[in-house]
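Asks: With this note's numbering, you'll find the sequence shown wraps up at 1065, consecutive numbering, no jumps. In this text, a Cβ means the ideal position worked out from N, Cα and C, and glycines have one as well. As the structure is a computational prediction, the values presented were derived from the model and not from experiment. Sharing a structure below in structure tokens format, with a few things to ask.
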Amino acid sequence: MSESTTVTDLASQYAAQVAGDLEQNLKEQERISAEIAALQDQLATLQRDHGVLVNMRQALGMTASSVQPADGASDAAVPAPRKKAAAKSSTTGRSSDKAGGKPTARKPSAKASAEKTVRPTLVELVRGHLGEQREPRSAAEVATALGQAHPDRRVRTTAVRSTLEGLVAKGQAQRTKQGTSVFYTASDAPEQGQSEPEPTDG
864 MSESTTVTDL
874 ASQYAAQVAG
884 DLEQNLKEQE
894 RISAEIAALQ
904 DQLATLQRDH
914 GVLVNMRQAL
924 GMTASSVQPA
934 DGASDAAVPA
944 PRKKAAAKSS
954 TTGRSSDKAG
964 GKPTARKPSA
974 KASAEKTVRP
984 TLVELVRGHL
994 GEQREPRSAA
1004 EVATALGQAH
1014 PDRRVRTTAV
1024 RSTLEGLVAK
1034 GQAQRTKQGT
1044 SVFYTASDAP
1054 EQGQSEPEPT
1064 DG
């Protein structure tokens, strides 16, 4: 009796620890995803600026040669590499600023603009999709639906499954088992899965 009780206690302790680690892992994933989105947004802005600067340089190079007939001839070859180097140094300057942890004032605005742009996190997508469903859905079904709804994103079943497990750990979703398959419902949705078993998708 005492041995089985000890084993049960240990199992519940491990389960609680795994649930906690899983939640922490998901939070870290969300944080890093948001940072990546912000960095991608910054990179896109820099690339756009670079294109504009290159066009301006070409336009200025043409006018400069017409305005400075003799004196500017020796400098005409120099501005192109110089400006490119300046553009590069400003880019590296920004990234080194970021690495130094200075841009505290700039980071929130970049993050906010990145989130406003379009890309909600996978957690938000999964939670939203689950909330719209009337019946339990498997991780594969959720991943397929999200992949069709957001063709620009690579939605992986493994990522969706771990996200769903994280929602279960937070009490924002419920998990039901039917045979060998696991199905999920939003915690505020009625549990219909037990009375109406869904066909398994393996």
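#1: Please name the residue in A1002, K1040, G1029, Q903 whose C-alpha comes closest to that of V1018.
#2: Alpha carbon to alpha carbon, how far is V1031 from Q905?
#3: Spell out a yes or no on whether the segment 989-1001 and the segment 1030-1050 are touching, meaning 3 or more CB-CB pairs, one atom from each, closer than 8 Å.
#4: If you follow the beta strand (DSSP E) that R1038 is in, where does it begin and where does it stop?
#5: Which residue or residues does DSSP assign as beta-bridge partners of V917?
#6: If you draw a straight line from the C-alpha of T871 to the C-alpha of Y877, how long is it?
#7: Would DSSP call T1135 helix, strand or coil?
#8: Please classify G991 as buried or exposed, where buried requires at least 16 neighbouring CB atoms within 10 angstroms.
#9: If you check the beta carbons only, do T1020 and S896 fall under 8 Å apart?
Replies: Taking the definition as stated:
#1: Here residue 1018 refers to the residue found at position 155 of the sequence shown. Taking only the C-alpha atoms, the option nearest V1018 is A1002.
#2: For the purposes of this step, residue 1031 is taken as the residue at position 168 of the sequence shown. For the purposes of this step, residue 905 is taken as the residue at position 42 of the sequence shown. Roughly 34 Å separates the two Cα atoms.
#3: yes
#4: Numbered from 1 along the sequence shown, position 175 holds the residue referred to as residue 1038. First-last of the beta strand (DSSP E) with R1038: 1036-1041.
#5: Position 54 of the sequence shown, counted from the start, is the residue given in the question as residue 917. BP columns for V917 are empty, so no partner.
#6: One-based indexing of the sequence shown puts residue 871 at position 8. One-based indexing of the sequence shown puts residue 877 at position 14. Roughly 10 Å between the two C-alpha positions.
#7: Because the chain in this structure spans residues 864 to 1065, residue 1135 falls outside the shown range and cannot be described.
#8: Position 128 of the sequence shown, counted from the first residue, corresponds to residue 991. G991 should be labelled exposed.
#9: In the sequence shown, the residue the question calls residue 1020 occupies position 157. In the sequence shown, the residue the question calls residue 896 occupies position 33. No, the Cβ-Cβ distance between T1020 and S896 is not below 8 Å.
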